[in-house]
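Encoded as structure tokens, the structure appears first; notes follow it.
Number of protein chains: 2
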Amino acid sequence: MKATAKAHTNIALIKYWGKRDESLILPMNNSLSLTLDGFYTTTTVDFQDSLTADQFYLNDRLVEGAEHHRVSAFLDRIRKAAGRPDAFAYVHSTNHVPTAAGFASSASGFAALAAAASRAIGLPDNAQALSILTRQGSGSACRSVYGGFVEWEKGAEADGSDSYAIQIAPADHWDLRVAAVVLSSDEKKVLSREGMKRTVETSTFYSAWVESIPDDLEAIKAGIAEKDFEKVGEIAEANCLRMHATTLAANPPFSYWQSTTLAIMETVRKLRSEGVPAFFTIDAGPNVKVLYTPEHEETIRNTLQDVPGVHDIKVSRPGQGVSYV
Amino acid sequence: MKATAKAHTNIALIKYWGKRDESLILPMNNSLSLTLDGFYTTTTVDFQDSLTADQFYLNDRLVEGAEHHRVSAFLDRIRKAAGRPDAFAYVHSTNHVPTAAGFASSASGFAALAAAASRAIGLPDNAQALSILTRQGSGSACRSVYGGFVEWEKGAEADGSDSYAIQIAPADHWDLRVAAVVLSSDEKKVLSREGMKRTVETSTFYSAWVESIPDDLEAIKAGIAEKDFEKVGEIAEANCLRMHATTLAANPPFSYWQSTTLAIMETVRKLRSEGVPAFFTIDAGPNVKVLYTPEHEETIRNTLQDVPGVHDIKVSRPGQGVSYV
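In structure tokens form, the structure reads like this:
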């Protein structure tokens, strides 16, 4: 009744932006990501008959309140699926996802938790079922079940049974690099979940966003297959800008960008104008991730580090999917 | 055969963004502006039989090339309208529109030129005809014919005969203030004309932009009538953000914003959170204009001046329409 799993976070190249079902976490559009080797969570789940409630430790500290509730509610799904509604567990998670780099630890966190808990309670090993389960903890986490390039199929069923991730290409298909730019001022990231909801409900541009996704997906998948970096970078950057544009047309409008966000975007554009192929992508926060190919590693690092307001650069390569330790 | 006219520039609160006819300068959507007393052009047009071509002096310097051609081509319309195709003129213009403040001098410039030339050549004084004429020199200039709050009706006719400005409220209706924030780095403003065209032709969000205008206009006109500053400010700011969002969804995407643009936007939002009602608007460039009411003059000035990258603050009040000197 005990298992340990490791899962990496992922960065969306085609963004997940908007839910059609808040409770089952069903998305409005397909998304596509790259799993990253640099940022991960390791989680041990140990079901013990002596327990009458789950005990959740994050980085060796007991967690209570809303965060404990979210983990426990997620374990309820697994207990139910296994026909063991009264099985409670010790959960020990260790996050190797620096908050300052602007990655949500929920992606690696829920993928590792789902994998460890499923195995510990004796559910059959099935990646598709694991992805569906993980999705219900945190939407984008369902992509972290797989390594490399991963697409989350939005599905059409009301119960979410066809909304899961599939691998497009494994991690060793293409040695891309992703530099996560750590900002000096750790300003509070606001609105990420609520902002998505507000955008779906009020943005004048939201339906055009959803309609724009199939073309992006088709093109970026061709680019990944051909290892055409310019193509993949251009599509990812344009998709990110289009996603952020939807927030500017929400009511009331809002933006995740800060002045340093713009400074990094300008730096990436300048690098391109100087012949260094680099592209940026930005999730629901001020942090910027820069995509490039290995031969430009040094230039990218040095240039980004010189931007005022940048504290550090954390580089990742394509990472593996869920593994058991 | 000689006349002198003065015209002020204007700031759009509901943006003109996209042409349906490039040659006649017919817009895709109605727009609404405030004429500003602080920035203006004075132009003298003197038709002389001795001339065989127009002579254009801007700030006492003879202008040749493309800029001369644009002025001369505009005078062709006036010569033709007056039945005097062979009448050429000395044109002396003085611009009181600092480029660094991010105002296009074309609005005050073409309004003053159209007024002075029309009167000099003997066309009847008619503000509506003057607005139609001015529009063909520079679209947003047609709003500068009037003072105070001005709406540019897009019209429906192919010949542009119903596309002109009308006054919504005179300058003395409401003492609003507009602070033009002058940036230290006079980075080249790119793409303003071409950017509009690219957005109309390629932006996924463009049609939703056009569809969003009637609601904005109705609401802002009610706000102006009621002198409801929060309402007017919120609508103007949201309209500006929505306009800029269309550029992020163009192909390829682009943005007029620089990091200092974001820093000023953040400062205005912070002022609001501290109880100082202030709103921003941004045209097709990096410069920001801040709207506020007179009682907050000192706070606004001091706060904006402290933003890194800000060189100066130029304050305007509602200004008059075209006048003859």
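Line order of the protein sequences matches chains A and B.
Taking our numbering, the leading residue of the first sequence gets 38, the next gets one more, and so forth.
Taking our numbering, the leading residue of the second sequence gets 38, the next gets one more, and so forth.
Cβ atoms here follow ideal geometry from the backbone N, Cα and C, with glycine treated the same way.
Note that the structure is predicted; figures quoted are calculated from it, not measured.
Going by DSSP, name the residue or residues bridged to residue 48 of chain B. For residue 48 of chain B, the pairing in a beta bridge is given by DSSP as B/71.
Pairwise C-alpha distance: residue 143 of chain A and residue 86 of chain A: The straight-line gap from Cα to Cα measures roughly 28 Å.
Check distances from the C-beta atoms of the stretch 240–257 of chain A to those of chain B and list, in chain order, the residues that come in under 7 Å. Considering only beta carbons, the part of the stretch 240–257 of chain A lying closer than 7 Å to chain B consists of 241, 242, 245, 249, in chain order.
Contact between the stretch 160–167 of chain A and the stretch 78–93 of chain A (3+ Cβ pairs under 8 Å): Cβ pair count under 8 Å is below three, so no.
List the whole-angstrom C-beta distance separating residue 191 of chain B from residue 66 of chain B, where the pair is believed to meet the contact cut-off of C-beta under 8 Å. In this structure residue 191 of chain B is in contact with residue 66 of chain B, their Cβ atoms being roughly 6 Å apart against a cut-off of 8 Å.
Which same chain residues, not among the five before or five after residue 384 of chain B, have their C-beta less than 7 Å away from its C-beta? Only positions 38 to 362 of chain B appear in the structure, and residue 384 of chain B is not among them; the question remains open.
Considering only residues of the same chain and omitting the five flanking positions on each side of residue 249 of chain B, which have a CB-CB separation below 7 Å? Hits under 7 Å: 279.
For a quick check, are the C-beta atoms of residue 145 of chain A and residue 45 of chain A less than 7 Å apart? At the C-beta level, residue 145 of chain A and residue 45 of chain A come within 7 Å of one another.
How about residue 157 of chain A and residue 84 of chain A: are their beta carbons less than 7 Å apart? It is a contact, given that the beta carbons lie within the stated cut-off.
Taking C-alpha atoms, which residue in B/312, B/304, B/350, B/64 lies nearest to residue 267 of chain B? With distances taken between CA atoms, residue 267 of chain B lies nearest to B/312 out of B/312, B/304, B/350, B/64.
Taking its Cβ as the centre, do 16 or more other Cβ atoms sit within 10 Å of residue 81 of chain B, making it buried, or is it exposed? Result: buried.
Residue range of the unbroken beta strand (DSSP E) whose run includes residue 133 of chain B: Where residue 133 of chain B is concerned, the enclosing beta strand (DSSP E) stretches over 126–133.
Using a Cβ distance threshold of 8 Å, determine whether the stretch 328–348 of chain B contacts the stretch 199–214 of chain B, with at least three qualifying pairs required. Per the Cβ contact rule, the stretch 328–348 of chain B is in contact with the stretch 199–214 of chain B (3 or more Cβ pairs under 8 Å).
Give the list of continuous beta strand (DSSP E) stretches no shorter than 3 residues that lie fully inside the stretch 189–218 of chain A. When DSSP assignments are scanned along the stretch 189–218 of chain A, the uninterrupted stretches of beta strand (DSSP E) that are 3 or more residues long and fall wholly within it turn out to be 202–206.
Thinking C-alpha only, which one of B/154, B/347, B/233 is nearest residue 56 of chain B? Comparing Cα-Cα distances from residue 56 of chain B to each of B/154, B/347, B/233, the minimum goes to B/233.
Give the interface partners of residue 95 of chain B over in chain A, defined as CB-CB distance under 7 Å, in chain order. Contacts between residue 95 of chain B and chain A, judged by CB atoms closer than 7 Å, are missing: the closest CB pair is about 32 Å apart.
Any idea which residues DSSP pairs residue 22 of chain A with across the strands? Chain A is shown from 38 up to 362; residue 22 of chain A falls before or after that span and cannot be answered.
In chain B, which residues lie less than 7 Å from residue 281 of chain A when you measure between Cβ atoms? Against residue 281 of chain A, the close residues of chain B are 285, in the order they occur along the chain (beta-carbon pairs closer than 7 Å).
Pick out whichever of A/254, A/360, A/96, A/244 has its Cα sitting closest to the Cα of residue 134 of chain A. Considering only alpha carbons, the answer is A/96.
Could you tell me whether the Cβ of residue 259 of chain B comes closer than 7 Å to any Cβ of chain A? Not a single CB atom of chain A sits nearer than 7 Å to the CB of residue 259 of chain B.
Within-7 Å CB hit, residue 323 of chain A to chain B: Not an interface residue.
Are the C-beta atoms of residue 296 of chain A and some chain B residue less than 7 Å apart? At a cut-off of 7 Å between beta carbons, residue 296 of chain A contacts chain B.
Measuring alpha carbon to alpha carbon, tell me which residue in A/109, A/71, A/60, A/104 is nearest residue 180 of chain A. Looking from the CA of residue 180 of chain A, the closest CA among A/109, A/71, A/60, A/104 belongs to A/71.
Exposure label - residue 52 of chain B; buried when at least 16 CB within 10 Å: Buried: at least 16 other Cβ atoms inside 10 Å.
Supposed contact pair residue 217 of chain A and residue 353 of chain A - C-beta distance, whole angstroms, cut 8 Å: For residue 353 of chain A against residue 217 of chain A, the beta-carbon gap comes to about 7 Å, under 8 Å, which counts as contact.
Option in B/207, B/219, B/347, B/147 with minimal Cα separation from residue 185 of chain B: The option with the nearest alpha carbon to residue 185 of chain B is B/207.
Using CA atoms only, rank isn't needed, just tell me which of B/284, B/360, B/274, B/117 is closest to residue 325 of chain B. Of B/284, B/360, B/274, B/117, the residue nearest in Cα terms is B/274.
Across which residues does DSSP place residue 329 of chain B in a beta bridge pair? In the DSSP output, where bridge partners are listed per residue, residue 329 of chain B has B/214.
Residues of chain B with a CB under 9 Å from the CB of residue 303 of chain A: which are they? Close partners of residue 303 of chain A in chain B (Cβ separation under 9 Å): 295, 296.
Go to residue 338 of chain A, then tell me how far its alpha helix (DSSP H) extends in each direction, as first and last residue. Element bounds for residue 338 of chain A: 334–342.
Partners in chain A for residue 273 of chain B, counting only beta-carbon separations shorter than 7 Å: Those within 7 Å of residue 273 of chain B in chain A number zero; the least Cβ separation is about 12 Å.
Same chain only: Cβ atoms within 6 Å of residue 357 of chain B, ignoring 5 sequence neighbours per side: Here the set comprises 184, 208.
Under the rule that 16 or more other beta-carbon atoms within 10 Å means buried, what is residue 182 of chain A, buried or exposed? Buried is the call here.
So is residue 1 of chain B in contact with chain A if we call contact Cβ pairs under 7 Å? Because chain B spans 38 through 362 in this model, residue 1 of chain B falls outside it and cannot be assessed.
Span of the beta strand (DSSP E) holding residue 316 of chain B? Run containing residue 316 of chain B: 316–318, per the beta strand (DSSP E) assignment.
Cross-chain neighbours of residue 299 of chain B in chain A, by beta carbon under 9 Å: Ordered by position in chain A, the residues that pass the 9 Å Cβ test against residue 299 of chain B are 292, 294, 295, 296, 297, 298, 299, 300.
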